[in-house]
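Colleague: Below you'll find the structure I mean.
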Amino acid sequence: MIKSIHPIAGIIGFLTIFMFWTSTLYSELFATHATVAAVKSMIVSGLFILVPAMVIVGASGMSLGRRRKDAPALAKKKRMPIIAMNGLLILVPAAIFLNAKASAGSFDISFYAVQVVELLAGATNLTLMGLSIRDGRAMTARRRRAGK
């Protein structure tokens, strides 16, 4: 069961962050302040999908990989705390801050400074999660080949 849940939660987390990131970038570059505010509100609402998905992928990954010592598993174990801390300490607070500022129509220097930090942190998490997905797929393929 965990072997099925882990990749599903990982893909949900990755795609949710990707959607947040691309929506933010598009709205900031091409849309009105009202659209930016709507995107920021939807991102905060979307945290109710993202946070549980990330908890599930982290917990299931620790369970699945607790005894593994191969290079891809160790790399995934090193990435996960960075992804989690980046999310908890930067991305979630930034999303809440940016939503509050955008809802108030306060598109000032602090809004844009935090927006840049959020985009960089989001790109970092997407990169790290993408590498973990790649390694997970390689581990699964290797296990399937060994089982044949």
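If you read the sequence shown in the numbering used here, its first letter stands for residue 76, the second for the next number, and so on.
Don't be surprised by glycine CBs; every beta carbon is placed ideally from N, CA and C.
Because the structure is a prediction, the values reported are computed rather than measured.
Output needed for Pro-147: all residues of its chain with C-beta closer than 7 Å, excluding positions within five of it in sequence on either side, in chain order.
Modeller: Excluding sequence neighbours, Pro-147 sits near Asp-210, Ala-213 and Met-214.
Colleague: Hey, Ala-188 and Leu-166: beta-carbon distance below 7 Å or not?
Modeller: Contact flag unset, no.
Colleague: Taking buried to mean at least 16 other C-beta atoms within 10 Å of its own C-beta, is Thr-97 buried or exposed?
Modeller: With fewer than 16 Cβ atoms within 10 Å of its Cβ, Thr-97 is classed as exposed.
Colleague: Whole angstroms is fine: what's the gap from Ala-198's alpha carbon to Ser-178's?
Modeller: If I take the Cα positions, the gap works out to 24 Å.
Colleague: In the DSSP assignment, find the unbroken alpha helix (DSSP H) run with Arg-154 in it and report its ends.
Modeller: It spans 146 to 161 - the alpha helix (DSSP H) in which Arg-154 sits, taken as one unbroken run.
Colleague: Where do the ends of the alpha helix (DSSP H) carrying Gly-136 lie?
Modeller: Unbroken alpha helix (DSSP H) run through Gly-136: 108 to 140.
Colleague: Compare the beta carbon distance of Ile-77 and Leu-139 with 7 Å and say whether it is the shorter of the two.
Modeller: Yes, they are a contact pair.
Colleague: For the alpha helix (DSSP H) containing Leu-104, name the first residue and the last one.
Modeller: Here the alpha helix (DSSP H) through Leu-104 covers 77 to 105.
Colleague: Please report how far the alpha carbon of Ile-92 lies from the alpha carbon of Met-129, in whole angstroms.
Modeller: Spanning the two alpha carbons is a distance of roughly 10 Å.
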